[in-house]
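Heads up, the sequence shown is in the UniProt record's numbering, so the first residue is 1 and it goes up one at a time. By construction, the Cβ of each residue, glycine as well, lies at the ideal position given by its N, Cα and C atoms. Data block below; observations after.
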Amino acid sequence: MKVYLIRHSEPTYEQVTTAGLTGFGRELGSLTDRGIMLAQQCAQQPLFAQVQLILSSPYTRALQTALEIVRFNDIPLKVELGLHEWLPDDTGSRTDTDEQAATAYKLYRQHAGKRTAASPRPYESAAEMKARVLATLNKYAVSYDCIACVTHGEVMRQFGNQKDVDYCGVRVIAVD
1 MKVYLIRHSE
11 PTYEQVTTAG
21 LTGFGRELGS
31 LTDRGIMLAQ
41 QCAQQPLFAQ
51 VQLILSSPYT
61 RALQTALEIV
71 RFNDIPLKVE
81 LGLHEWLPDD
91 TGSRTDTDEQ
101 AATAYKLYRQ
111 HAGKRTAASP
121 RPYESAAEMK
131 ARVLATLNKY
141 AVSYDCIACV
151 THGEVMRQFG
161 NQKDVDYCGV
171 RVIAVD
(Lines of atoms letter the chains of each structure in order from A and count residues from 1; the text may use other names and numbers.)
(Lines give C-alpha, C1' and ligand atoms only; values in the text may rest on other atoms or scores of the structure.)
Protein backbone atom coordinates (compact mmCIF):
# COMPACT_ATOMS: atom_id res chain seq x y z
CA MET A 1 0.00 0.00 0.00
CA LYS A 2 1.26 3.44 -0.89
CA VAL A 3 1.10 5.88 2.03
CA TYR A 4 1.52 9.64 1.79
CA LEU A 5 2.66 10.89 5.18
CA ILE A 6 1.73 14.56 5.47
CA ARG A 7 2.94 16.76 8.29
CA HIS A 8 0.29 18.96 9.88
CA SER A 9 0.34 22.64 9.00
CA GLU A 10 1.69 25.56 11.04
CA PRO A 11 0.19 25.59 14.56
CA THR A 12 -0.30 28.28 17.15
CA TYR A 13 -0.27 27.59 20.86
CA GLU A 14 -1.48 31.05 21.88
CA GLN A 15 -4.88 29.88 23.16
CA VAL A 16 -3.51 26.89 25.08
CA THR A 17 -0.77 29.03 26.62
CA THR A 18 -3.30 31.68 27.65
CA ALA A 19 -5.48 28.95 29.14
CA GLY A 20 -2.48 27.61 31.10
CA LEU A 21 -2.79 24.13 29.64
CA THR A 22 0.03 21.61 30.04
CA GLY A 23 0.58 17.99 29.08
CA PHE A 24 -2.04 16.73 26.64
CA GLY A 25 -3.72 20.13 26.83
CA ARG A 26 -0.85 21.52 24.75
CA GLU A 27 -2.00 19.33 21.86
CA LEU A 28 -5.17 21.42 21.47
CA GLY A 29 -3.40 24.21 19.58
CA SER A 30 -5.06 25.13 16.27
CA LEU A 31 -3.55 26.36 13.00
CA THR A 32 -2.41 29.89 12.29
CA ASP A 33 -4.02 31.78 9.40
CA ARG A 34 -0.87 30.99 7.40
CA GLY A 35 -1.24 27.34 8.47
CA ILE A 36 -4.77 27.23 7.06
CA MET A 37 -3.49 28.69 3.78
CA LEU A 38 -0.66 26.11 3.62
CA ALA A 39 -3.14 23.27 4.24
CA GLN A 40 -5.41 24.59 1.48
CA GLN A 41 -2.43 24.70 -0.90
CA CYS A 42 -1.46 21.16 0.12
CA ALA A 43 -5.01 20.03 -0.68
CA GLN A 44 -4.50 21.06 -4.31
CA GLN A 45 -1.67 18.56 -4.90
CA PRO A 46 -2.34 15.96 -7.61
CA LEU A 47 -1.45 13.13 -5.22
CA PHE A 48 -4.98 13.26 -3.78
CA ALA A 49 -6.38 11.88 -7.05
CA GLN A 50 -4.89 8.50 -5.99
CA VAL A 51 -5.82 8.64 -2.30
CA GLN A 52 -8.72 6.41 -1.21
CA LEU A 53 -8.74 7.35 2.48
CA ILE A 54 -7.24 10.04 4.69
CA LEU A 55 -6.19 9.12 8.22
CA SER A 56 -5.44 11.81 10.79
CA SER A 57 -3.76 12.04 14.14
CA PRO A 58 -6.29 13.05 16.80
CA TYR A 59 -4.30 16.17 17.73
CA THR A 60 -6.05 19.40 16.77
CA ARG A 61 -3.33 20.73 14.44
CA ALA A 62 -3.45 17.51 12.39
CA LEU A 63 -7.25 17.35 12.39
CA GLN A 64 -7.56 20.95 11.21
CA THR A 65 -5.03 20.25 8.44
CA ALA A 66 -7.00 17.15 7.40
CA LEU A 67 -10.21 19.19 7.45
CA GLU A 68 -8.77 21.66 4.95
CA ILE A 69 -7.63 18.77 2.72
CA VAL A 70 -11.02 17.03 2.69
CA ARG A 71 -12.80 20.33 2.00
CA PHE A 72 -11.10 20.30 -1.42
CA ASN A 73 -11.18 16.56 -2.07
CA ASP A 74 -14.00 14.04 -1.89
CA ILE A 75 -12.08 11.54 0.24
CA PRO A 76 -13.27 9.87 3.46
CA LEU A 77 -11.49 10.89 6.66
CA LYS A 78 -10.86 8.71 9.70
CA VAL A 79 -9.13 9.64 12.97
CA GLU A 80 -6.50 7.16 14.19
CA LEU A 81 -5.05 7.42 17.68
CA GLY A 82 -1.89 5.59 16.61
CA LEU A 83 -0.81 8.49 14.39
CA HIS A 84 -0.29 10.91 17.30
CA GLU A 85 2.98 12.73 17.88
CA TRP A 86 5.93 11.40 19.87
CA LEU A 87 5.18 11.23 23.60
CA PRO A 88 7.50 13.02 26.03
CA ASP A 89 5.75 11.00 28.77
CA ASP A 90 4.51 7.57 27.72
CA THR A 91 2.96 6.70 31.08
CA GLY A 92 -0.45 7.80 29.83
CA SER A 93 -0.80 10.56 32.42
CA ARG A 94 1.00 13.23 30.37
CA THR A 95 1.13 15.92 33.03
CA ASP A 96 4.48 17.30 31.89
CA THR A 97 5.22 21.00 31.58
CA ASP A 98 6.71 22.54 28.44
CA GLU A 99 10.12 22.51 30.13
CA GLN A 100 9.84 18.82 31.04
CA ALA A 101 8.72 17.97 27.50
CA ALA A 102 11.68 19.94 26.09
CA THR A 103 14.06 18.08 28.42
CA ALA A 104 12.60 14.73 27.35
CA TYR A 105 12.98 15.68 23.67
CA LYS A 106 16.57 16.79 24.20
CA LEU A 107 17.35 13.42 25.84
CA TYR A 108 15.50 11.58 23.07
CA ARG A 109 17.60 13.33 20.40
CA GLN A 110 20.87 12.96 22.36
CA HIS A 111 20.32 9.21 22.58
CA ALA A 112 19.24 8.83 18.92
CA GLY A 113 15.66 7.99 19.86
CA LYS A 114 16.57 5.40 22.46
CA ARG A 115 15.39 5.63 26.07
CA THR A 116 18.09 4.82 28.57
CA ALA A 117 17.38 3.08 31.86
CA ALA A 118 18.76 6.14 33.66
CA SER A 119 16.47 8.58 31.86
CA PRO A 120 14.64 10.92 34.26
CA ARG A 121 11.76 11.23 31.75
CA PRO A 122 9.68 8.21 30.57
CA TYR A 123 9.55 9.31 26.92
CA GLU A 124 8.50 7.15 23.97
CA SER A 125 11.45 5.65 22.07
CA ALA A 126 11.78 5.97 18.30
CA ALA A 127 11.32 2.20 17.92
CA GLU A 128 8.10 2.29 19.97
CA MET A 129 6.77 5.20 17.93
CA LYS A 130 7.55 3.55 14.59
CA ALA A 131 5.98 0.25 15.72
CA ARG A 132 2.84 2.12 16.87
CA VAL A 133 2.46 3.90 13.53
CA LEU A 134 3.14 0.76 11.47
CA ALA A 135 0.58 -1.21 13.50
CA THR A 136 -1.96 1.50 12.70
CA LEU A 137 -1.14 1.59 8.99
CA ASN A 138 -1.04 -2.20 8.64
CA LYS A 139 -4.76 -2.33 9.48
CA TYR A 140 -5.47 -0.62 6.16
CA ALA A 141 -3.03 -2.46 3.85
CA VAL A 142 -5.54 -5.21 3.01
CA SER A 143 -8.35 -2.85 2.00
CA TYR A 144 -6.56 0.08 0.36
CA ASP A 145 -3.95 0.66 -2.34
CA CYS A 146 -3.22 4.29 -1.46
CA ILE A 147 -3.92 6.36 1.65
CA ALA A 148 -2.76 9.67 3.11
CA CYS A 149 -1.99 10.21 6.78
CA VAL A 150 -1.89 13.64 8.39
CA THR A 151 0.56 13.23 11.23
CA HIS A 152 3.59 14.87 12.84
CA GLY A 153 7.21 15.67 12.07
CA GLU A 154 8.78 13.27 14.55
CA VAL A 155 6.56 10.45 13.31
CA MET A 156 7.64 11.20 9.73
CA ARG A 157 11.34 11.22 10.71
CA GLN A 158 10.99 7.52 11.52
CA PHE A 159 10.34 6.82 7.83
CA GLY A 160 13.32 8.20 5.95
CA ASN A 161 16.03 10.58 6.98
CA GLN A 162 16.08 12.46 10.26
CA LYS A 163 15.79 15.90 8.66
CA ASP A 164 13.02 18.24 9.71
CA VAL A 165 9.85 18.10 7.63
CA ASP A 166 8.20 21.35 6.53
CA TYR A 167 4.61 22.08 7.49
CA CYS A 168 2.40 20.16 5.03
CA GLY A 169 5.52 18.36 3.80
CA VAL A 170 4.94 14.94 2.24
CA ARG A 171 6.88 11.68 2.44
CA VAL A 172 5.89 8.56 0.54
CA ILE A 173 6.31 5.12 2.09
CA ALA A 174 5.14 1.60 1.28
CA VAL A 175 3.36 -0.59 3.82
CA ASP A 176 2.75 -4.27 3.11
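Proximity of residue i and residue j at Cβ, strictly below 9 Å
| i | j | result |
| --- | --- | --- |
| Thr151 | Arg7 | yes |
| Arg121 | Ala141 | no |
| residue 178 | Ala43 | In the structure as shown, the chain begins at 1 and stops at 176. Residue 178 is therefore absent and cannot be evaluated. |
| Gly35 | Glu14 | no |
| Phe48 | Ala148 | yes |
| Tyr108 | Trp86 | yes |
Residues near residue i by beta carbon distance below 8 Å, same chain, minus five either side
| i | result |
| --- | --- |
| Asp98 | Thr22 and Arg26 |
| Cys146 | Met1, Lys2, Val3, Tyr4, Gln50, Val51 and Gln52 |
| Met156 | Leu5, Arg7, Val165, Gly169 and Arg171 |
| Asp89 | Gly23, Thr95, Asp96, Gln100, Ala101, Ala104, Arg121, Pro122 and Tyr123 |
Cut-off 7 Å between Cβ atoms - residues of its own chain near residue i, not counting five sequence neighbours on either side
| i | result |
| --- | --- |
| Ala66 | Ile54, Ser56, Leu77 and Val150 |
| Thr91 | Pro122 |
| Val16 | Gly25, Arg26, Leu28 and Gly29 |
| Glu68 | Ile36, Ala39, Gln40 and Ala43 |
Residues that DSSP places opposite residue i in a beta bridge
| i | result |
| --- | --- |
| Leu5 | Cys149 and Arg171 |
Fill in: Cβ pair count under 8 Å reaching 3, the stretch 77-86 against the stretch 135-146
Yes, the stretch 77-86 touches the stretch 135-146.
Item to complete: Could you pull out every unbroken beta strand (DSSP E) segment of at least 3 residues lying fully inside the stretch 26-87, listed in chain order?
Response: Listed in chain order, they are 53-56 and 77-79.
Practice prompt. Report the residue ranges of all alpha helix (DSSP H) runs contained in full by the stretch 90-174; include only those spanning at least 4 residues, in chain order.
Written response: Within the stretch 90-174, the complete alpha helix (DSSP H) segments at least 4 residues long are 98-110, 126-138 and 153-157, listed from N- to C-terminus.
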